[in-house]
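Enquirer: Numbering (the UniProt record's numbering), first residue to last: 1 to 320. Beta carbons: idealized from backbone N, C-alpha and C, even for Gly. After the structure tokens below, expect a handful of questions from me.
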Amino acid sequence: MSAVNESKFQPAVFILTGIPGQENIQVWISIPFCLIYVISILGNSVILFIIKTDPNLQEPMYILLSMLAVLDLGISMSTLPTILGIFWFNSREINHDACFAQLFFIHSLTYTESSVLLSMAFDRLIAICNPLRYSSILTPSRIAKIGLLSLLRGALPLIPSLIFLKHYQYCHANILYHSYCLNQEVMKMACSDTRAHSIYSFFGTISSLGLDVLLILLSYVMIFKTVLSIASHMERLKALNTCVSHVCVVLLFYTPEIGLSVIHRFAKNTSPFIQTMMGNTYLLIPPLMNPIVVKTKPIRSVHHPAGDTGDDLLMGINRF
1 MSAVNESKFQ
11 PAVFILTGIP
21 GQENIQVWIS
31 IPFCLIYVIS
41 ILGNSVILFI
51 IKTDPNLQEP
61 MYILLSMLAV
71 LDLGISMSTL
81 PTILGIFWFN
91 SREINHDACF
101 AQLFFIHSLT
111 YTESSVLLSM
121 AFDRLIAICN
131 PLRYSSILTP
141 SRIAKIGLLS
151 LLRGALPLIP
161 SLIFLKHYQY
171 CHANILYHSY
181 CLNQEVMKMA
191 CSDTRAHSIY
201 SFFGTISSLG
211 LDVLLILLSY
221 VMIFKTVLSI
231 ASHMERLKAL
241 NTCVSHVCVV
251 LLFYTPEIGL
261 SVIHRFAKNT
271 SPFIQTMMGN
281 TYLLIPPLMN
291 PIVVKTKPIR
301 SVHHPAGDTG
311 DDLLMGINRF
């Protein structure tokens with residue numbers, strides 16, 4: 001009898017969703033998704049190859065850029081099996097353990113990428129505000145520690161969420177609105193009391209992504225304050241130009257992330273189509289666009305970050 005009740009109230013699988021209302025043309029829809037994955041994987045792989053093989057690029061800015069590329073590859077590979085499985089084979093079922101593993105990798109890699117973006121903002125802050133100490137502050141060992149701390153900061157907070165999800169009973173409709181598993185959505189499928197998990201997830205998001213956004217904004221306030229103190233107009237533009245790529249990557253990363261979080265927490269009556277498209281934008285567009293918007297010209301011409309912002313910027317400040 002208990003086995004019957006367990007099977008009744010504990011669905012064995014979750015059902016993933018492709019593009020709602022477009023099931024008849026999902027094979028054609030798979031074409032742009034395949035192109036996105038191919039461009040994302042190739043673009044980030046090329047960046048890694050160039051930075052790895054050129055010893056002149058073993059500088060903090062490019063090491064952080066390589067971390068960003070690795071994380072983008074990880075996020076792409078985490079979502080690729082389920083998204084293409086739906087469009088190519090109409091494979092919509094995913095068991096609980098696979099779903100929990102996928103959401104762990106998606107969220108932990110996302111939080112880690114947020115930490116790396118914060119580190120890149122700190123890199124620009126030191127390069128512009130204190131160029132003479134750039135090399136002594138951002139040493140290779142410190143960059144390695146930053147990378148390790150970013151990874152731990154992204155992964156460890158997800159372990160309690162996995163424990164919560166693993167012990168919940170799932171008796172509600174098991175249809176997910178996305179082509180992959182997300183913590184917020186899987187949590188809604190539980191018939192157990194999820195208030196503790198919801199509060200933990202909310203404060204976890206605020207203390208990671210929210211705090212990172214505030215610190216990035218603070219970094220750029222200090223950067224702009226320093227840039228405005230430079231007498232030469234050309235030196236101002238040159239200093240700001242070193243930040244353009246990072247600002248674009250930050251906007252590409254946080255805008256869909258914040259939008260999706262708002263939809264899940266406050267706009268519960270939003271149509272499944274909007275939720276699905278926002279979810280696809282949140283995880284597919286940043287890995288696609290990051291290799292495009294990052295400064296590939298300095299990589300090709302082997303410029304050093306300190307050379308771009310250090311001596312030239314220092315000359316501008318001294319002239320002031």
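Hey, would you say Ile263 sits closer than 8 Å to Met277, going by beta carbons?
Expert: no
Enquirer: Using the Cα positions of His197 and Met187, report the straight-line distance between them to the nearest angstrom.
Expert: About 8 Å.
Enquirer: Please state if the CB of Tyr180 and the CB of Thr79 are separated by a distance shorter than 8 Å.
Expert: Cβ distance < 8 Å, so Thr79 and Tyr180 count as in contact.
Enquirer: Residue ranges of each alpha helix (DSSP H) run of no fewer than 4 residues wholly in the segment 59-110, ordered along the chain?
Expert: 60-89
Enquirer: Taking only the alpha-carbon atoms, compute the straight-line gap between Asn44 and Pro287 and give it to the nearest angstrom.
Expert: 8 Å
Enquirer: Can you name, in chain order, every residue of its own chain whose Cβ lies under 8 Å from the Cβ of His167, other than the five neighbours on each side?
Expert: Ser192
Enquirer: Going by the DSSP bridge assignment, what does Ile15 pair with across the sheet?
Expert: Glu93 and Ile175
Enquirer: Is the Cβ-Cβ distance between Ser161 and Ser136 less than 8 Å?
Expert: Not a contact, by the Cβ cut-off of 8 Å.
Enquirer: Three-state secondary structure (DSSP) at Gln26?
Expert: Reduced to three states, the DSSP call for Gln26 is helix.
Enquirer: With a 10 Å radius around its C-beta and 16 neighbouring C-beta atoms as the bar for buried, classify Ile199 as buried or exposed.
Expert: Per the 10 Å Cβ criterion, exposed.
Enquirer: Determine the burial state of Ser114: buried for a count of at least 16 other Cβ atoms within 10 Å of its Cβ, exposed for fewer.
Expert: In this structure Ser114 is buried. Its beta-carbon is surrounded by 16 or more other beta-carbon atoms within 10 angstroms.
Enquirer: Taking the alpha carbon of Ala121 as the reference point, which residue from Ile230, Thr17 and Pro60 has its own alpha carbon closest?
Expert: Considering only alpha carbons, the answer is Pro60.
Enquirer: Taking the alpha carbon of residue 321 as the point to measure from, which residue in Ile159, Met189, Leu151 and Ser150 has its own alpha carbon closest?
Expert: With the chain covering 1 to 320 only, the question about residue 321 has no answer from this structure.
Enquirer: Measuring only the C-alpha atoms, how far is Val27 from Leu35?
Expert: The alpha-carbon of Val27 is positioned some 13 Å away from that of Leu35.
Enquirer: To which residues of the same chain is Ile146 closer than 7 Å at the C-beta, ignoring the five residues directly before and after it?
Expert: Ser119
Enquirer: Three-state secondary structure (DSSP) at Asn183?
Expert: helix
Enquirer: Take the Cβ of Arg142 as the centre, count every other Cβ of all protein chains shown within 10 Å, and call the residue buried at 16 or more, exposed below.
Expert: exposed
Enquirer: Does DSSP put Ser208 in a helix, a strand or coil?
Expert: helix
Enquirer: Can the beta-carbon of Tyr111 be found less than 8 Å from the beta-carbon of Gly74?
Expert: no
Enquirer: If the criterion is Cβ atoms closer than 8 Å, does the pair Pro157 and Ser76 meet it?
Expert: no
Enquirer: Could you tell me which uninterrupted alpha helix (DSSP H) segments, each at least 4 residues in length, are contained entirely in the segment 208-285, listed from first to last along the chain?
Expert: 211-228 and 233-266
Enquirer: Do you know how far the Cα of Ser150 is from the Cα of Ile31?
Expert: Between the alpha carbons of Ile31 and Ser150 lies a gap of roughly 34 Å.
Enquirer: My output table needs one value for Asn130: the three-state DSSP class, helix, strand or coil.
Expert: coil
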